[in-house]
Amino acid sequence: MSDATETHCPYCALQCGMGLRPADGPVPVTVVERPAFPVNQGALCGKGASAAAVLAPGARLTSPLVRVDGELRPASWPQALDRIAAGLAGTAERYGRDAVGVFGGGGLTNEKAYALGKFARVVLGTSAIDYNGRFCMSSAAAGGIRAFGVDRGLPFPVADIPRAGCVILVGGNPAETMPPFVRYLRELKENGGRLIVVDPRRTRTAELADLHLAPRPGTDLALALGMLHLVVADGRTDEEFIAQRTTGWPETRDAAMAHWPEHVEAVTGVPLPQLREAVRLFCGAPTGMVLTARGPEQQAKGTDTVSAWINLCLATGNAGRPYAGYGCLTGQGNGQGGREHGQKADQLPGYRKLDDPAARAHVAAVWGVDPDSLPGPGRSAYELLESLGGEVRALLLMGSNPVVSAPSSTRIAERLGSLDFLAVSDVVLSETAELADVVLPVTQWAEETGTMTNLEGRVVLRRKAVDPPEGVRSDLEVLRALAERLGRPEGFPTEPEEVFEELRRASAGGAADYAGISYPRIAAEDGVFWPCPEPDHPGTPRLFLDRFATPDGRARFTAVQHRPAAEEPDTDYPLRLTTGRVLAQYQSGAQTRRVEALNQAAPGAFVELHPVLAERLGVREGDRVAVVSRRGRTVTPARLTAAIRPDTVFMPFHWPGEANANRHTNPALDPVSRMPEFKACAVRVEAAD
Numbered sequence: 005m006s007d008a009t010e011t012h013c014p015y016c017a018l019q020c021g022m023g024l025r026p027a028d029g030p031v032p033v034t035v036v037e038r039p040a041f042p043v044n045q046g047a048l049c050g051k052g053a054s055a056a057a058v059l060a061p062g063a064r065l066t067s068p069l070v071r072v073d074g075e076l077r078p079a080s081w082p083q084a085l086d087r088i089a090a091g092l093a094g095t096a097e098r099y100g101r102d103a104v105g106v107f108g109g110g111g112l113t114n115e116k117a118y119a120l121g122k123f124a125r126v127v128l129g130t131s132a133i134d135y136n137g138r139f140c141m142s143s144a145a146a147g148g149i150r151a152f153g154v155d156r157g158l159p160f161p162v163a164d165i166p167r168a169g170c171v172i173l174v175g176g177n178p179a180e181t182m183p184p185f186v187r188y189l190r191e192l193k194e195n196g197g198r199l200i201v202v203d204p205r206r207t208r209t210a211e212l213a214d215l216h217l218a219p220r221p222g223t224d225l226a227l228a229l230g231m232l233h234l235v236v237a238d239g240r241t242d243e244e245f246i247a248q249r250t251t252g253w254p255e256t257r258d259a260a261m262a263h264w265p266e267h268v269e270a271v272t273g274v275p276l277p278q279l280r281e282a283v284r285l286f287c288g289a290p291t292g293m294v295l296t297a298r299g300p301e302q303q304a305k306g307t308d309t310v311s312a313w314i315n316l317c318l319a320t321g322n323a324g325r326p327y328a329g330y331g332c333l334t335g336q337g338n339g340q341g342g343r344e345h346g347q348k349a350d351q352l353p354g355y356r357k358l359d360d361p362a363a364r365a366h367v368a369a370v371w372g373v374d375p376d377s378l379p380g381p382g383r384s385a386y387e388l389l390e391s392l393g394g395e396v397r398a399l400l401l402m403g404s405n406p407v408v409s410a411p412s413s414t415r416i417a418e419r420l421g422s423l424d425f426l427a428v429s430d431v432v433l434s435e436t437a438e439l440a441d442v443v444l445p446v447t448q449w450a451e452e453t454g455t456m457t458n459l460e461g462r463v464v465l466r467r468k469a470v471d472p473p474e475g476v477r478s479d480l481e482v483l484r485a486l487a488e489r490l491g492r493p494e495g496f497p498t499e500p501e502e503v504f505e506e507l508r509r510a511s512a513g514g515a516a517d518y519a520g521i522s523y524p525r526i527a528a529e530d531g532v533f534w535p536c537p538e539p540d541h542p543g544t545p546r547l548f549l550d551r552f553a554t555p556d557g558r559a560r561f562t563a564v565q566h567r568p569a570a571e572e573p574d575t576d577y578p579l580r581l582t583t584g585r586v587l588a589q590y591q592s593g594a595q596t597r598r599v600e601a602l603n604q605a606a607p608g609a610f611v612e613l614h615p616v617l618a619e620r621l622g623v624r625e626g627d628r629v630a631v632v633s634r635r636g637r638t639v640t641p642a643r644l645t646a647a648i649r650p651d652t653v654f655m656p657f658h659w660p661g662e663a664n665a666n667r668h669t670n671p672a673l674d675p676v677s678r679m680p681e682f683k684a685c686a687v688r689v690e691a692a693d
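Numbering (my numbering), first residue to last: 5 to 693.
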């Protein structure tokens, strides 16, 4: 590694360590292993190994683009920035500050996420800011705060997972979404631990399981309640733990007992013997963990579903002790840090609440503004996108592609098209950028330095390895230039470490306290776990061992009841559609679809059908079929597999156009997290025209 720059993968929340070695040719660096980094120990998936391909000039933007006579044309940076400043200022003057919106991304570094939130509130003075991380793990965050008083994806290092006695993985497929993570599941089994996977599909991850439960999409809440019912009925609760470290158990127990196992079997489709076996494995182990992912979280009842799984951990004493507990497998690269420092509509840096007077005073003092000048909480991500062209007339968007990734995506493309003004800052000309009035080409992961916070709460340092092409600037430079044009020349440095030093002060004393973390320390320690309030603090790899982050130090049970999905199958739409990812593509595919090796491995969309369903429909392998919902129609090849339930179909969501799965997904929102219901909607499948 002596001739390679130590850095991290640009994709998922594992933030795998890698090295970048200079290379000749259009791709300026070669990806090499970094075995010393503890999370992945050198292992990389195909996406990480090929990540440098997007650095090639032909794969990315290298000049600002400005729309002239209906077409995007190359322009100078001053022209592009002047037009954005005029568009934002003119909209605010005509319609008010909240008519200007900001939409961020879960792939932005902590420094950029922090600066973007500050820019929205200090320069624009708008409450209309949120980010695509709302679509990732906001239900898990809400459930974690509700129970524990704080949200961190995993309250323990990933290295603790193999030391658990039993792990229940609910609605996640890391064998395809974050392959280096799978080594921890294999080690779990090698150590004699048991793995239970809950997924309507028998995925590559489910193939590793000792027990695979395949519930109908949208019924994970009933499944968790049914398991807790059996725990109580079989006398498997940890009464000492419940008495000493929790509150709210009687109401939660009563709610669970209303979900008798036979009823849960009918609702979920999971046979009662499997339900009992899952309880036996989990309660028979010395310690247990429950890990959730997008399956249970991306539902209109996702927060309650997460709470139900947390209740199972608390009732069995599997929280606040080593090698046990609840955790969430964060998806996006900086889904954790991106929401901690100000991109969410209701939050300030340090995971502070925007409506908390003390929080406003602290952050305003760091920013040098009057607390009363800060706007209040705004709309959540989908609600912000839905308001475009109405209450919000201009939008600055950084690092997101909602034309592909948002629920009811056809509707969102229409809303984006109805704006008076749209500016997009991105690495590539995404489907969303194609709609913009101005597009700014910005630096990528290997061309800039900055911190990320992985799914463990480990703050890591991405290092610049190569200069960007001429004509490309960083998002921090963009925000500084716009702030100057909008009358706020101070407070927006362009050096990432200077921004991070301010972030440390702004986060100090908050739930996500970074005050004791610095660039040199991250480099010396392979990352530092927050909270870390002082430079001599060791960081906190494991939360809750002594107390939970609630006022009384106790975890809170939450009594929840199962309810159906927002949209259930009926005569016209008799099937359930669920969505997800494939191994070779990432998120909206804006970057991975530009890598030839990945496109060869996963060239396009498809819909998975069970052979029994396919026979009933007269569909054969490879036939083009139409998937139809109340929100749209997509046409894509059929892929037949017995690994999916006969009453369910699956589509990956990485592709745009007529095969875009998110044309169908239901924007029904969780009442707490405001997470849309991506994972369950009603469709029919028919022959394509």
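For glycine and all other residues, C-beta sits at the position ideal for the given N, C-alpha and C. The structure presented is a predicted model; accordingly, all values stated were derived computationally and were not measured.
{"Query": "Can Cys287 and Arg220 be called in contact, C-beta distance under 9 angstroms?", "Result": "no"}
{"Query": "Taking just the CA atoms, how far does Glu243 sit from Met402?", "Result": "49 angstroms"}
{"Query": "Tell me the rounded alpha-carbon separation between Phe152 and Glu438.", "Result": "43 angstroms"}
{"Query": "In its own chain, which residues sit with a C-beta less than 6 angstroms from the C-beta of Leu85, not counting the 5 before and 5 after it?", "Result": "Ala485"}
{"Query": "Give a yes or no on contact between the segment 672–684 and the segment 568–583, applying the rule of three or more CB pairs nearer than 8 angstroms.", "Result": "yes"}
{"Query": "Using three-state DSSP, classify Met3 as helix, strand or coil.", "Result": "Nothing can be reported for residue 3, as the shown portion of the chain is limited to 5 through 693."}
{"Query": "Can the beta-carbon of Gln278 be found less than 9 angstroms from the beta-carbon of Ala117?", "Result": "no"}
{"Query": "Quick check on this structure: which residue in Pro42, Asp7 and Asn44 has the alpha carbon closest to the alpha carbon of Thr34?", "Result": "Asp7"}
{"Query": "Could you check the C-alpha separation between Asn195 and Arg167 for me, to the nearest Å?", "Result": "7 angstroms"}
{"Query": "Report the rounded CA-to-CA distance for Ser67 versus Asp308, giving the unit in angstroms.", "Result": "46 angstroms"}
{"Query": "So, do the segment 170–185 and the segment 282–302 have three or more beta carbon pairs nearer to each other than 8 angstroms?", "Result": "yes"}
{"Query": "With DSSP collapsed to three states, give me the class of Gly342.", "Result": "helix"}
{"Query": "Measure the Cβ-Cβ separation of Gly176 and Ala588 and say whether it is below 9 angstroms.", "Result": "no"}
{"Query": "Which value, in whole angstroms, describes the spacing of the CA atoms of Ala510 and Leu112?", "Result": "18 angstroms"}
{"Query": "Touching or not, the segment 415–431 and the segment 383–402, by the rule of three or more beta carbon pairs under 8 angstroms?", "Result": "yes"}
{"Query": "Per the DSSP calculation, Thr582 is bridged to which residue(s)?", "Result": "Phe654"}
{"Query": "Per DSSP, Pro26 is paired with what?", "Result": "Val33"}
{"Query": "For Asn458, does the three-state DSSP call read helix, strand or coil?", "Result": "coil"}
{"Query": "Can you grab the Cα-Cα spacing for the pair Gly91 / Glu499, in whole Å?", "Result": "27 angstroms"}
{"Query": "Quick check on Arg508: does DSSP put it in helix, strand or coil?", "Result": "helix"}
{"Query": "Determine whether the beta carbon atoms of Arg87 and Leu128 lie at a separation below 9 angstroms.", "Result": "no"}
{"Query": "Just verifying my parser: in three-state terms, what is the DSSP assignment at Pro445?", "Result": "strand"}
{"Query": "Taking the beta strand (DSSP E) that Ile172 falls in, what are its first and last residues?", "Result": "Cys170 to Val174"}
{"Query": "Check whether the segment 61–79 and the segment 351–370 touch, using three or more Cβ-Cβ pairs below 8 angstroms as the test.", "Result": "no"}
{"Query": "Whose C-alpha, out of Glu180, Asp164, Arg206 and Gly252, is nearest the C-alpha of Tyr188?", "Result": "Asp164"}
{"Query": "Is the segment 508–525 touching the segment 533–541 in the sense that three or more CB pairs, one from each, lie closer than 8 angstroms?", "Result": "yes"}
{"Query": "Exposed or buried, which one is Met218 when buried takes at least 16 other CB atoms within 10 Å?", "Result": "First, the amino acid is wrong: residue 218 is Ala here, not Met. Ala218 should be labelled buried."}
{"Query": "Leaving out five residues before and five after Leu378 in sequence, what residues of the same chain have Cβ atoms less than 7 angstroms from its Cβ?", "Result": "Arg125, Arg364 and Ala368"}
{"Query": "Could you pull out every unbroken beta strand (DSSP E) segment of at least 3 residues lying fully inside the segment 387–443, listed in chain order?", "Result": "398–402 and 425–430"}
{"Query": "Assuming Val632 is part of the alpha helix (DSSP H), what are its boundary residues?", "Result": "Element bounds for Val632: not the alpha helix (DSSP H) but the beta strand (DSSP E), Arg628 to Val632."}
{"Query": "For Val687, write down the residues that DSSP places opposite it in a beta bridge.", "Result": "Leu579"}
{"Query": "Taking only the alpha-carbon atoms, compute the straight-line gap between Ile648 and Val202 and give it to the nearest angstrom.", "Result": "12 angstroms"}
{"Query": "Assuming the contact rule is C-beta atoms closer than 8 angstroms, Leu547 and Pro159 should be a hit. Round their C-beta distance to whole Å, please.", "Result": "4 angstroms"}
{"Query": "Tell me whether the beta-carbon of Met4 lies closer than 9 angstroms to the beta-carbon of Gly335.", "Result": "It is not possible to answer for residue 4, since the shown part of the chain is limited to 5 through 693."}
{"Query": "Taking the straight line between their C-alpha atoms, what separation do you get for Thr272 and Lys305?", "Result": "15 angstroms"}
{"Query": "Locate the beta strand (DSSP E) running through Val106, then write down its first and last residues.", "Result": "Val104 to Gly108"}
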